[in-house]
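Let me begin by presenting the structure, written as structure tokens, before commenting on it.
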Amino acid sequence: MSGTVTVLAVDDQEVFRRTARRLLAAAPGFEQVGEAASGPEALRLAAELRPDLVLLDVRMPGMDGIETARRLARSGVGATVVLISLGELPDPVSLRSVGAAGCLRKQDLSVRALDRAWAAATGGAATDAPRGRSAPP
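Here UniProt numbering is used: position 74 in the sequence shown is 74, and no number is missing along the way.
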């Protein structure tokens, strides 16, 4: 196994999923293993793919990102969830209550922001090649 952090990107808007694909392709140490357009699809793919990280849109029709994060936490998948939003970010207490490790504004997403969010969420230091749960001991 490599030290690559596997990522599931979840957003109801194709334009963001396309942006996430490009961002993750350019991010050393990260690999996109799937994408979903809804909460139910995210739950199914997370159970199937077992990603290290789920980038999850806060506002989606039907099951929103908050409820999806809550269900992911209860599912035992073990993925780190970072919520993403174009608008106002949830407060830290709300994030923790639903099992999310952090939140980023979509307009602030970059390789560096992704690396820092992963490091903060997992208690590690930001590096050019983050190491996820899949890293060998």
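We put the beta carbon where it would ideally sit given N, CA and C, even for glycine.
Remember, it's a predicted structure, so these values are computed and weren't measured experimentally.
Check: So which of 108, 11 and 21 has the shortest CA-CA distance to residue 37?
Finding: If you number the sequence shown from 1, residue 37 lands on position 37. Put simply, of 108, 11 and 21 the residue whose alpha carbon is nearest the alpha carbon of residue 37 is 11.
Notebook entry, point to check: Roughly how many angstroms separate the alpha carbons of residue 69 and residue 81, rounded to a whole number?
Noted result: Against the sequence shown, residue 69 aligns to sequence position 69. Against the sequence shown, residue 81 aligns to sequence position 81. Cα to Cα, the separation comes out at about 7 angstroms.
Next item on the list: Select from 122, 102 and 76 the residue whose C-alpha is nearest the C-alpha of residue 49.
Entry: On the sequence shown, residue 49 is found 49 positions in, with the first residue counted as 1. Cα-wise, what sits closest to residue 49 is 76.
Notebook entry, point to check: Where do the ends of the beta strand (DSSP E) carrying residue 37 lie?
Noted result: Indexing the sequence shown from 1 puts residue 37 at position 37. Where residue 37 is concerned, there is no enclosing beta strand (DSSP E), given that its DSSP letter is neither H nor E.
Item checked: Residues that residue 80 bridges to, as DSSP identifies them -> By one-based count along the sequence shown, residue 80 stands at place 80. In the DSSP output, where bridge partners are listed per residue, residue 80 has 53.
Note to self: Taking the beta carbon of residue 117 as the centre, do at least 16 other beta carbons fall within 10 Å, making it buried, or is it exposed?
What the structure shows: Mapped onto the sequence shown, residue 117 falls at position 117. Classification of residue 117: buried, given that the 10 Å Cβ count is 16 or more.
Item checked: beta strand (DSSP E) segment containing residue 6, residue limits -> One-based indexing of the sequence shown puts residue 6 at position 6. Looking at the DSSP string, the run of the beta strand (DSSP E) that includes residue 6 is 5-10.
Notebook entry, point to check: Do you know offhand how far residue 29's Cα is from residue 74's?
Noted result: If you number the sequence shown from 1, residue 29 lands on position 29. If you number the sequence shown from 1, residue 74 lands on position 74. Distance between residue 29 and residue 74, taken at the CA atoms: about 27 angstroms.
Margin query: Here's the rule I'm using: 16 or more other beta-carbon atoms within 10 Å means buried, otherwise exposed. How should residue 79 be labelled?
Written below: One-based indexing of the sequence shown puts residue 79 at position 79. The residue in question, residue 79, is buried, as its Cβ has 16 or more Cβ neighbours within 10 Å.
Next item on the list: On a CA-only basis, which of 108, 65 and 3 is nearest residue 9? Give me that one, please.
Entry: Here residue 9 is taken as the residue at index 9 of the sequence shown, counted from 1. Selection 108, 65 and 3 evaluated against residue 9 yields 65 as nearest (Cα-Cα).
Check: What is the DSSP secondary structure of residue 65, reduced to helix, strand or coil?
Finding: For the purposes of this step, residue 65 is taken as residue 65 along the sequence shown, with counting starting at 1. Here residue 65 sits in helix by DSSP.
Check: Going by the beta-carbon positions, is the gap between residue 56 and residue 83 smaller than 9 angstroms?
Finding: If you number the sequence shown from 1, residue 56 lands on position 56. If you number the sequence shown from 1, residue 83 lands on position 83. Contact: yes.
Check: Near residue 27, what residues of its chain come up, given a Cβ to Cβ distance below 8 angstroms and the 5 sequence neighbours on each side ignored?
Finding: Position 27 of the sequence shown, counted from the first residue, corresponds to residue 27. Counting only Cβ-Cβ distances below 8 angstroms, and skipping sequence neighbours, we find 111, 114 and 115.
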